[in-house]
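**Q** When you line the sequence shown up against this note's numbering, it's residues 1437 to 1690, in that order.
Here's a structure for you.
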Amino acid sequence: AEAVGTGLIIQGGCGVVCAAKYAGSGVGTFGLAAVWGVSVMIAVYATSPISGAHLNPAVTCALVACDKAPAEEAPFYIGAQLAGATVAAAVNYLIFSAGIKALEAAQQVKRGSAASTAIFHGAFGMVPTAALVSPVGALLAEAWMTAVLVFCIFAFTDPDGAVPDGAGPATIGATVATLVAVFGPVTGCGMNPARDLGPRFVTLCTGWGGAALSSWWVYTLGPLAGAVLGGKAYLYLASTRSSAASAPASPRPE
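This is the structure we're talking about:
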């Protein structure tokens, strides 16, 4: 289920970027964000009854760090997520390979050169937009946006929270769409190591060589750290809510 769900996210989210970059679909930033959000929503609805719909190594690590998932299951979850992302990215590559080659020819870019990272950025792996952010700045941005995402996931799936039963996947998808719309032009808005590493592995195997590894650490370390911080932050705030609710009422003055 984790492989299928993560694959659905990559098929839809990375697929719409492929359509925009390689097939001239004309989808803009907000359209891309909407498809990413809907893809996440569909994947969570489809797999949450089976596996809990982690669909993201950063989410799995946050759940383990916050004692919401057993550590011994984490390698299986993460392995499935990476496998699903890789297979879906390979399918996207096969579908859009002619368009990728046409774009390389039009821009006179040799696959595997430093400039060729722009060809796969967003559709497969990601690299920070150099004119807008440094690699360290991108790392911090990825940590921040993943912290926001995981904070919201914990909030939306809290049995004592305000989200109605069955609405969690939709609210999580809306959160993803919002973050992609805001941060997508800057870092690509990864928030998910599987979303980056799986597609990046496909580019590594299809001629990009060392260029495929550019900035991989930004999209792995940032989300992993941010996810744990986001989960811990929600649990802390939730504990203060519980403490306030259980505190005895102050006596009224006579």
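We put the CB at the ideal spot given by N, CA and C, even for glycine.
Values in this document were obtained by computation on a predicted structure and should not be read as measured data.
1. Return the Cβ separation of Thr-1582 and Pro-1659 in integer angstroms, given the expectation that the two are a contact with Cβ distance under 8 Å.
2. Is the segment 1568-1579 touching the segment 1645-1656 in the sense that three or more CB pairs, one from each, lie closer than 8 Å?
3. Leaving out five residues before and five after Glu-1690 in sequence, what residues of the same chain have Cβ atoms less than 7 Å from its Cβ?
4. So, with DSSP's three-state summary, where would you put Arg-1547?
5. What is the DSSP secondary structure of Cys-1625, counted as helix, strand or coil?
6. Taking 8 Å as the cut-off, does the segment 1659-1679 touch the segment 1588-1598 (at least 3 CB pairs, one atom from each stretch)?
7. Using only CA atoms, which one of Leu-1585, Val-1618, Phe-1512, Pro-1635 lies nearest to Ala-1661?
8. Quick check on this structure: which residue in Ala-1542, Gly-1473, Val-1452, Val-1474 has the alpha carbon closest to the alpha carbon of Gly-1464?
9. Whole angstroms are fine: how far does the CA of Arg-1677 sit from the CA of Phe-1560?
10. Distance, Cα to Cα, Arg-1547 vs Ala-1598?
11. Can you say whether Ala-1542 is buried or exposed, counting buried as having 16 or more other CB atoms within 10 angstroms of its CB?
12. Do you know whose CA, among Gly-1443, Thr-1611, Cys-1454, Thr-1442, lies nearest Ala-1532's CA?
13. Spatial neighbours of Tyr-1513 within its chain, please: CB distance less than 6 Å, with the 5 preceding and 5 following residues excluded, ordered by chain position.
14. Let me confirm a value: Ala-1525 is counted as buried when at least 16 other C-beta atoms fall within 10 Å, else exposed. Which label applies?
15. Under 8 Å Cβ to Cβ from Val-1527, same chain only, skipping five residues before and after it: list those, please.
16. Should Ala-1647 and Thr-1553 be called a contact, given that it needs their Cβ atoms to be closer than 9 Å?
17. Give me the Cβ distance between Ala-1498 and Gly-1666, rounded to the nearest whole Å; I'm assuming they're in contact under 8 Å.
18. Just curious, the alpha helix (DSSP H) that Ala-1469 is in, first and last residue?
19. I need the boundaries of the alpha helix (DSSP H) containing Met-1581, first residue and last residue.
**A** Result, derived from the coordinates:
1. 4 Å
2. yes
3. Bear in mind that a pLDDT of 49 at Glu-1690, under 50, signals an unreliable position, so the model cannot answer this.
4. coil
5. coil
6. yes
7. Leu-1585
8. Val-1452
9. 41 Å
10. 49 Å
11. exposed
12. With the sequence shown as reference, residue 1532 is identified as Phe, and Ala is not the correct amino acid for it. Nearest of Gly-1443, Thr-1611, Cys-1454, Thr-1442 to Phe-1532, Cα basis: Cys-1454.
13. Glu-1438, His-1490, Thr-1496
14. buried
15. Gln-1447
16. yes
17. 7 Å
18. 1465-1487
19. 1571-1592
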